[in-house]
């Protein structure tokens, strides 16, 4: 008895240290059989929830209202749920075991539904099962942009300006980064309903993590280009820029950079005012861009009819297979595999609560390119679109989006001629002055990932939504290297190892 009391005191002591010093609970969740991390596990504490990343890791912020005896609830489809007090989590890992399949009485006693009938029941019960009215949601949005140059071939066919030679073009191409990864993270409250237009965003904090040395130095290139132009081109010339069948006209004076005289106070004030305006516009643009992107995510959820994932509303277009039964906590779950019969874009799995016919998770992957454009030497192929969408039950016992993960891959190609011709209408006899003619063959690959985590959702009235005014005064904080302290005190989805190890080449 004395030993048990000592252990309890020790646990409480350790917990108090965590509360005072770190105020976080950090762990990794492991499969008991495979010893591999389990992604997308829901971790809940006192009506707040986080989700593990693809490496099975999570961090939970603990405030002063948390007591050592408060229970942490951990759940994932196919695993036995864990619920125990915080002071019993003393290891650095949390082990989850697969739950044995034991047919739930609901499944045994109810009508034996076909896969299509199950999906039809989901569609019938959407209004009853989901939050579809206005709400306020605390969200964390992470965007990853991985850009790669796959090919940069060219043939210089003609150049009447000596400085515009192969060496100059090679120098320009050599300065284009071959690989470049950028991370953007945003935390805030989004107010809205179920359409992309009916959204308002209150940004709290944001960051941008990338290597500035990977950016193309446009100022250096512009200075070099302007020097060549000034030495070889008349200021009253104009340029015809042609690429295949298309052409445009640019006046020469538009290509010359104008400097502000440091003694001209009015001009300097005007420039400073313009810089201030540009910063305000960037704030507005940044918030608007994030709000619109999050709004489109909500509008495109599979529980809405006008969506890219239309299997719930048009099941007849898919081959459906009741693949398995599993569990989410004590709830029996139907697992239905779907793939298109003809022209639909996605295949995947649906996880449906057998008791109330709520879709709790959808995994999806494209079966064909979503876009395959090729015209006049320009090609765009959207070859990859895969991810997961997870819904969890909120305080009002209705389901809400808790996690959205989408990976998109695109390949873009340019294979066409380019001509830049200098002409001058004031020169007698020969209007054409100079010409630069190239044939370009370039290809670029992009993989973009979007992760949206919803920590909690509170219903609000339409009047409350209309009354809220956006405050667009947040710009992302630039980081050259990952800073683990930046999000200290906030709930986010734990960064993966690639983000944690991100270091700019120009930084030590």
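Residue numbers (the working numbering): 9 to 516. Just so it is clear, CB atoms sit at the ideal spot from N, CA and C, and this is done for glycine as well.
Would you call the CB atoms of residue i and residue j closer than 8 Å?
i: residue 336; j: residue 141; result: no
i: residue 154; j: residue 203; result: no
i: residue 37; j: residue 60; result: yes
i: residue 348; j: residue 124; result: no
i: residue 333; j: residue 340; result: yes
i: residue 133; j: residue 494; result: no
i: residue 498; j: residue 54; result: no
i: residue 433; j: residue 439; result: yes
i: residue 180; j: residue 430; result: no
i: residue 397; j: residue 143; result: no
i: residue 478; j: residue 210; result: yes
i: residue 90; j: residue 74; result: no
i: residue 294; j: residue 484; result: yes
i: residue 406; j: residue 375; result: no
i: residue 191; j: residue 501; result: no
i: residue 145; j: residue 465; result: yes
i: residue 108; j: residue 40; result: no
i: residue 319; j: residue 169; result: no
i: residue 329; j: residue 345; result: yes
Just to confirm the assignment, what range does the alpha helix (DSSP H) spanning residue i have?
i: residue 137; result: 134 to 137
i: residue 56; result: Unbroken run through residue 56 is the beta strand (DSSP E), 56 to 59; no alpha helix (DSSP H).
i: residue 182; result: 174 to 182
i: residue 405; result: Premise fails: residue 405 is in no alpha helix (DSSP H) and is neither H nor E.
i: residue 473; result: 470 to 475
i: residue 505; result: 505 to 508
Between which two residues does the beta strand (DSSP E) containing residue i stretch?
i: residue 387; result: 386 to 401
i: residue 355; result: 354 to 361
i: residue 320; result: It is not in any beta strand (DSSP E) - residue 320 carries neither H nor E in the DSSP assignment.
i: residue 51; result: 50 to 53
i: residue 513; result: No beta strand (DSSP E) holds residue 513; DSSP gives it neither H nor E.
i: residue 380; result: 379 to 383
Taking the beta carbon of residue i as the centre, do at least 16 other beta carbons fall within 10 Å, making it buried, or is it exposed?
i: residue 152; result: buried
i: residue 492; result: exposed
i: residue 393; result: buried
i: residue 136; result: exposed
i: residue 435; result: exposed
i: residue 474; result: exposed
i: residue 350; result: exposed
i: residue 410; result: buried
i: residue 362; result: buried
i: residue 513; result: exposed
i: residue 400; result: buried
i: residue 219; result: buried
i: residue 173; result: exposed
i: residue 12; result: Its pLDDT being 45, under 50, residue 12 is placed unreliably in this model, and the coordinates cannot settle the point.
i: residue 299; result: buried
i: residue 194; result: buried
i: residue 384; result: exposed
i: residue 71; result: exposed
i: residue 184; result: exposed
i: residue 49; result: buried
i: residue 413; result: buried
i: residue 64; result: buried
i: residue 352; result: buried
i: residue 511; result: exposed
i: residue 3; result: Here the chain has residues from 9 to 516 only, and residue 3 is not among them.
Taking the DSSP output, what are the residues bridged to residue i?
i: residue 156; result: 187 and 453
i: residue 45; result: 38
i: residue 335; result: 340
i: residue 200; result: 143 and 207
i: residue 164; result: 446
i: residue 370; result: 358 and 397
i: residue 307; result: None; residue 307 has no bridge partner.
i: residue 487; result: 217
i: residue 492; result: Residue 492 pairs with nothing; no bridge assigned.
i: residue 151; result: 192 and 458
i: residue 345; result: 329 and 357
i: residue 420; result: 452
i: residue 414; result: 458
Counting only beta-carbon atoms, is residue i nearer than 8 Å to chain C?
i: residue 419; result: Chain labels in this structure do not include chain C; a single protein chain is all it has.
To test your reading of the DSSP string, which unbroken beta strand (DSSP E) runs of 3 or more residues are found completely within the segment 66 to 131? Taking only runs of at least 3 residues, the beta strand (DSSP E) segments lying wholly in the segment 66 to 131 are 79 to 83, 90 to 93 and 101 to 104.
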